[in-house]
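Asker:
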Amino acid sequence: MNDIKTIAEKDRATVLHPFTQLKDFATGKIGDPTIVTGGKGIRIQDAQGRSYIDGFAGLYCVNIGYGRTEVAEAIARQAYKLAYYHTYAAHTTNELANLSDRLVRMAPGKPSKVFYGLSGSDANETQAKLVWYYNNLRGRPKKKKIISRERGYHGCSVVSGSMTGMSFYHDHMDLPFPGILHTGAPHHYWGAEPGETEEAFSRRRAAELEEMIVREGAETIGAFIAEPVLGTGGITPPPDGYWREIQTVLRRYDVLLIADEVICGFGRTGADFGSTLYGMEPDLVTVAKGLTSGYMPLSAAIVGERVYAVMEEAADRIGAFSHGYTYSGHPIAAAAANAVLDIVEKERLGDRARTVGAHFFKRLKERFAQLEIVGEVRGVGLLGAVEFVSDRQTKRRFDPQLKVGARISKAARDRGLIARAMPHGDILGFAPPLVVSEHEIDEIVELAYRATKQVM
Ligand code: PLP
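Heads up: the sequence shown at position 315 corresponds to 315 in the UniProt record's numbering, and the numbers run straight through without jumps.
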């Protein structure tokens, strides 16, 4: 291995890092890259020998924790046997058939078929194409618009990036793509009128959605896409009654529901899927991250019966389904996913997220809820957030120039805890691996609390 200085120099000279201030990195203002060298359980190490608790499971994905040899061995076994073959024109592998059977059995809604990609972004791009395809095949060529939500996150490719409801993901990139609309975020703390209950707020959000559909013309609205729990836009569980009210509107206007389960899927919320927890009945389901716990890149667009039946029915008339990637259903990624899902089932990580998650919120509230600068402590399962405000009575935000969230996150990191400064507002986000213990949760909360006290 190169020495640390050489790695940093090569990296700085050649890597275009996502979500990084390019000038600050190029000039060294934000220091050298962190060279990550290893991981075990809930911790990662860097080349300088520092150890961090990864309170965010990478990017909410390493649910089974780092260094699981069962998965490494499954990957190696498949690589020795058959590293690659494609899935075009009805080719498959044992691993892929097993994985698909398993996903169709477990996914929410009425799943029928699984289409594979490599990232959450490309899977959501596929979902958009499926909505257009379905409505074309049904002779409804105008029913194409997709409604997403402000602060939703669905990826950053052309259509998925447009579905993402935060303008800084669009700026200077010519997004959003036409035909993608955004309705209000389901965040009671920020969105409710004084005295408005969660139920009343949910009804208002559903009424706004209905107004949008009627204004645009229901014959032009193909689908509604949403995360069961809003993730990158602030880690916000839905207010009471939200999904019931929203689904009533969608059914009334024959609008498909795409559940983006990229974060929520496979136990993160304390249930198998966020849709299960909130009584959602999606037509299309997107999964990625937890599907392989990040051990290999893999995503899936799970297609429900209602959509698939139309696709199959039209095949004699229109020919092959002409969509797919070289790496759709990659056998090594499928082997990794099967090994990961074996662990998720055997160790009952969904149940664990529920029970350890309850302990997490108890501790988080004990430590943070009384702090003057804390507006809200929220979350579900092992997905949580603390939002900071400068005045909790008036809910006045901090001046963004102060970068309060980023500074607290940095102070936590200096203490050996990775807790993410969420990109919208002053929010410290938590999504530890689901194998985290109660004792480790105590450590996470304590480190985050001390970091907060240090900054404020
Ligand atoms: N959907 C959701 C809910 C996500 O949180 C993400 C990524 O964070 C994506 C989609 C995009 O996934 P990827 O980064 O793998 O493209």
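Where a beta carbon is used, it is the ideal one built from N, C-alpha and C, also for glycine.
Indicate whether the contact test is met: 3 or more Cβ pairs, each with one atom in the stretch 164–178 and one in the stretch 188–202, closer than 8 Å.
Answerer: Judged by Cβ distances under 8 Å, the stretch 164–178 makes no contact with the stretch 188–202, as fewer than three pairs qualify.
Asker: Indicate whether Tyr295 and Arg68 have their beta-carbon atoms separated by less than 9 Å.
Answerer: In contact: Tyr295 and Arg68 (Cβ atoms closer than 9 Å).
Asker: Run the CB neighbour count on His91, radius 10 Å, all protein chains shown included, and call it buried at 16 or more, exposed below.
Answerer: Its Cβ having fewer than 16 others within 10 Å, His91 is exposed.
Asker: So, helix, strand or coil for Val71, using DSSP?
Answerer: DSSP places Val71 in helix when its eight states are reduced to three.
Asker: Count the other C-beta atoms from every protein chain shown that fall within 10 angstroms of the C-beta of Tyr80, then say buried if there are 16 or more, exposed otherwise.
Answerer: By the neighbour-count rule (16 or more Cβ atoms within 10 Å), Tyr80 is not buried but exposed.
Asker: Which stretch, first to last residue, makes up the beta strand (DSSP E) that contains Leu385?
Answerer: Before going further, note that residue 385 is Ala rather than Leu in the sequence given. Taken as a continuous stretch (DSSP letters only), the beta strand (DSSP E) holding Ala385 covers 383–388.
Asker: Which two residues bound the contiguous beta strand (DSSP E) that contains Glu376?
Answerer: Segment 374–380, the beta strand (DSSP E) holding Glu376.
Asker: State the Cα-Cα distance for the pair Gln393 and Val374, rounded to the nearest angstrom.
Answerer: Using only the alpha carbons, I get a separation of about 11 Å.
Asker: Run through DSSP, which three-state label would Lys144 get?
Answerer: Correct three-state label for Lys144: coil.
Asker: Based on Cα-Cα distance, which residue from Ala107, Lys10, Lys113 lies nearest to Ala97?
Answerer: The shortest C-alpha separation from Ala97 is found at Lys113.
Asker: Between Thr126 and Gly117, which are expected to be in contact by the criterion C-beta below 8 Å, what is the C-beta distance as a whole number of angstroms?
Answerer: Going by Cβ atoms, the distance from Thr126 to Gly117 rounds to 6 Å, so yes, they are a contact pair.
Asker: Can you name the residues that DSSP bridges to Thr197?
Answerer: None; Thr197 has no bridge partner.
Asker: Check whether the Cβ atoms of Ala451 and Gly384 lie closer than 9 Å to each other.
Answerer: Contact: no.
Asker: Entirely within the stretch 224–276 and at least 4 residues each: give me those alpha helix (DSSP H) ranges in chain order.
Answerer: Runs of the alpha helix (DSSP H) inside the stretch 224–276: 242–252.
Asker: If I measure Cβ to Cβ from Leu250 and keep anything under 7 Å in the same chain, skipping five residues before and after, which residues do I get?
Answerer: Hits under 7 Å: Phe224, Leu257.
Asker: If you draw a straight line from the C-alpha of Tyr449 to the C-alpha of Ala421, how long is it?
Answerer: About 14 Å.
Asker: Indicate the three-state DSSP secondary structure (helix, strand or coil) for residue 457 in the structure shown.
Answerer: Given that the chain is displayed from residue 1 to residue 456, the structure contains no residue 457 and the question cannot be resolved.
Asker: Whole angstroms is fine: what's the gap from Ala314's alpha carbon to Val255's?
Answerer: Cα to Cα, the separation comes out at about 20 Å.
Asker: Is the distance from the Cβ of Ala419 to the Cβ of Gly28 below 9 Å?
Answerer: Against a cut-off of 9 Å, the Cβ pair of Gly28 and Ala419 comes out as no contact.
Asker: Should the stretch 257–270 be called in touch with the stretch 213–227, which here means at least 3 C-beta pairs below 8 Å?
Answerer: Yes, the stretch 257–270 touches the stretch 213–227.
Asker: Under DSSP, the alpha helix (DSSP H) around Ile332 begins and ends at which residues?
Answerer: Run containing Ile332: 331–346, per the alpha helix (DSSP H) assignment.
Asker: Could you pull the start and end residues of the beta strand (DSSP E) that Gly117 belongs to?
Answerer: From DSSP, the beta strand (DSSP E) with Gly117 extends over 111–117.
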